[in-house]
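To start, the structure under review is shown below, and the notes come after it.
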Amino acid sequence: ERHAKLDTPPDRYIFVGDNGWSERDEEALEGISKTGKLAAAFIHAVTDDVNHAAILPSDRVTAEGAPVLYFRTYVGAALKALD
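Going by this note's numbering, the sequence shown wraps up at 716, each residue one higher than the last.
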């Protein structure tokens, strides 16, 4: 087996979470953002609407300048990551 080994931790991180039943991921995102180490955040916009007619939250930027990107599917997240 091959494993990647980091001699030093990365300078910045990508956060992945959801906006489901609690605000914990959004609160964690804000806390991480304040450290200046957030490169970007991908938030899975969860809904109980089986037709997904609910409006997708608008992408935004944190006060520290990191993009916060909302997605419904992981394919959607991948496409946003490529932009």
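Backbone N, C-alpha and C fix where the C-beta goes; we use that ideal spot for every residue, glycine too. Bear in mind that the values here come from a model prediction, so they are computed numbers and not experimental data.
Item	Value
What residue ranges within the stretch 636–697 form continuous alpha helix (DSSP H) runs of no fewer than 4 residues, ordered along the chain?	657–666
Opposite V701 in the DSSP bridges: which residues?	A674, R693
Rounding to the nearest angstrom, what Cα-Cα distance links G680 and G669 in this structure?	In the sequence as presented, Gly is not what sits at residue 680; that position holds Thr. Computed Cα separation, rounded: 30 Å.
With a threshold of 16 other CB atoms inside 10 Å of the CB of A672, please say whether the residue is buried or exposed.	exposed
Excluding five sequence neighbours on each side, which residues of the same chain lie with their C-beta closer than 8 Å to the C-beta of S691?	Y703
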